[in-house]
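Peer 1: Taken in order, the sequence shown gives residues 9 to 334; the numbers are from the working numbering. Glycine included, every Cβ here is placed at the ideal spot set by N, Cα and C. No experiment lies behind these values; they were computed from the predicted model shown.
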Amino acid sequence: MERFPAFMMDERYQVGWKEITDEDLPPGDVTIRVKWSSINYKDGLATRKESRVVRKVPTILGIDLAGKVVESSDPELPPGLEVIATGYDLGTGGPGGYTQRVRLPREWVLPLPRGLSLREAMILGTAGFTAALAIHRMEQNGLRPDGGPVLVTGASGGVGSLAVDMLAGLGYTVEASSGDPEAEGYLRRLGAAQILPREEVTRPQRPLESGRWQGAIDPVGGPVLPSILPRIRPGGSVGLMGNRGGAEFTTTVFPFILRGVSLLGIDSAYCPRPLREEVWSRLGKDLKPRHLELLVTRELSRDELEEGLQTILEGKIRGRWIVRLD
Ligand SMILES: NC(=O)c1ccc[n+]([C@@H]2O[C@H](COP(=O)([O-])OP(=O)(O)OC[C@H]3O[C@@H](n4cnc5c(N)ncnc54)[C@H](OP(=O)(O)O)[C@@H]3O)[C@@H](O)[C@H]2O)c1
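1. Which class does F257 belong to by DSSP, given the choice of helix, strand or coil?
2. For the beta strand (DSSP E) holding E79, just list the boundary residues, first then last.
3. Between P212, D173, R220, which has its C-alpha nearest A200's C-alpha?
4. R109 and G36: beta carbons closer than 8 Å?
5. Compare the beta carbon distance of G88 and P34 with 8 Å and say whether it is the shorter of the two.
6. Looking at R252 and ligand 1, is the gap between the Cβ and the nearest heavy atom below 7 Å?
7. I need the DSSP call for I330, collapsed to helix, strand or coil.
8. Tell me whether G323 counts as near ligand 1, meaning its Cβ is closer than 7 Å to at least one heavy atom of that ligand.
9. Pull up the CB-CB distance for Q202 and E183, whole angstroms please, since I reckon it's below 8 Å.
10. Inspect the beta-carbon positions of R211 and S235 and report whether they are closer than 8 Å.
11. For G229, which option in G156, Q213, G250 has the closest C-alpha, if you only look at C-alpha atoms?
12. Distance, Cα to Cα, T107 vs F257?
13. Could you pull out every residue in the same chain whose Cβ sits closer than 8 Å to the Cβ of E285, ignoring the five residues on either side in sequence?
14. What three-state label does DSSP hand I47 in the structure shown?
15. Would you mind working out which of P282, H299, G253 sits nearest E115, comparing C-alpha positions?
16. Is it right to say Y21 is buried, meaning 16 or more other beta carbons lie within 10 angstroms of its own, or is it exposed?
17. Check V209 in the structure and name its three-state DSSP category.
18. When we look at the beta-carbon of T29 and count the other beta-carbons within 10 Å, is it buried (16 or more) or exposed?
19. Do the stretch 297-311 and the stretch 164-181 make contact, defined as three or more Cβ pairs closer than 8 Å?
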């Protein structure tokens, strides 16, 4: 039986590469030969027991994967089909993407969207899907290109960079806030019209200030929300998906009750399948970032994976790092 490498968390919560076989994989409907995966902040957290990201050990880590079906009991996902899987319990309560082979429940597996290669799908990965889901939800809430500037926080990171590129591609005026002064040129090339220092979006504000942004995409959370909610224009929205800057915040009710501002919670992992398919389909079309090769700042080999997971925990990854598995 074929032996292949998988990056596992074991019963003692130690992580590392192991040689395994199909017999070590949990039962499932679709066996996939994995070609690419990626590095998300959650992948970094998953290597730390105290984060409680991983709920079941031993398991293969990695919340994203792209590859080819090799065996399947689902006629909709036949052998040879190129597929992706992101979110659900991938790499947290079930097997993940840092492996050459994996077996998954059919519900977790999507055919590769038209307009994307497997590699491009992993430059996007969970980060890109999350940015796209936020834009999609905010558009449903009235966001439109001529409605005024849109803020993106944590702009040099995965979700942030991808959101900047997608919004600019759709014709929005993007203001990007970053704690990395050296990221200015990069963010301008992605399409940001203005760069704001991180302090500008974490400074405390009065309960209501003059409306500046029609919307904001916020992977940082914590002190950002009390600072930006008072500056969202009437009827605008904030797509909140992260806690990179902190989990708690205190604010007032006034932006919500006097300006009708909406705080939209964005959860990529358990996004319902019809919405998931719709957003992934847009990622191959109108939401496809224009600068995928600028966004992918490193392509890691298996040997470099641990370094990547450590680097994202330190907040030092610009854009997206992907992992080559084959
Ligand atoms: N809800 C969901 O479904 C979902 C999906 C994906 C990601 N997320 C969350 O979104 C966040 C970003 O994920 P990611 O994979 O894009 O991570 P990432 O690549 O590390 O990006 C995070 C960015 O946040 C900024 N940042 C880092 N430390 C900070 C701090 N202490 N205070 C303020 N800003 C800080 C940095 O950007 P600058 O240097 O440019 O400021 C960093 O690049 C994480 O909290 C992640 O868990 C949630």
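Peer 2: The relevant details are as follows:
1. Three-state DSSP puts F257 in coil, outside helix and strand.
2. Taken as a continuous stretch (DSSP letters only), the beta strand (DSSP E) holding E79 covers 72-80.
3. It is D173.
4. No.
5. No, the pair does not count as a contact, with Cβ atoms beyond the cut-off.
6. Yes, the Cβ of R252 comes within 7 Å of a heavy atom of ligand 1.
7. Shown here, I330 sits in a strand according to DSSP, grouped into three states.
8. Correct: G323 has its Cβ closer than 7 Å to ligand 1.
9. In this structure, Q202 and E183 form a Cβ contact; the two beta carbons are roughly 5 Å apart against a cut-off of 8 Å.
10. The Cβ atoms of R211 and S235 lie closer than 8 Å to each other.
11. When each option's Cα is compared against that of G229, the closest is G250.
12. Those two C-alpha atoms are separated by around 38 Å.
13. For E285, where only same-chain residues beyond five positions count, the Cβ hits under 8 Å are L118.
14. If DSSP states are grouped into helix, strand and coil, I47 belongs with coil.
15. Of the candidates P282, H299, G253, the one whose C-alpha sits nearest the C-alpha of E115 is P282.
16. Looking at its Cβ environment, which holds fewer than 16 other Cβ atoms inside 10 Å, Y21 is exposed.
17. Assignment of V209 by DSSP, reduced to helix, strand and coil, places it in the helix class.
18. With fewer than 16 other Cβ atoms inside 10 Å of its own Cβ, T29 counts as exposed.
19. Segments in contact, yes.
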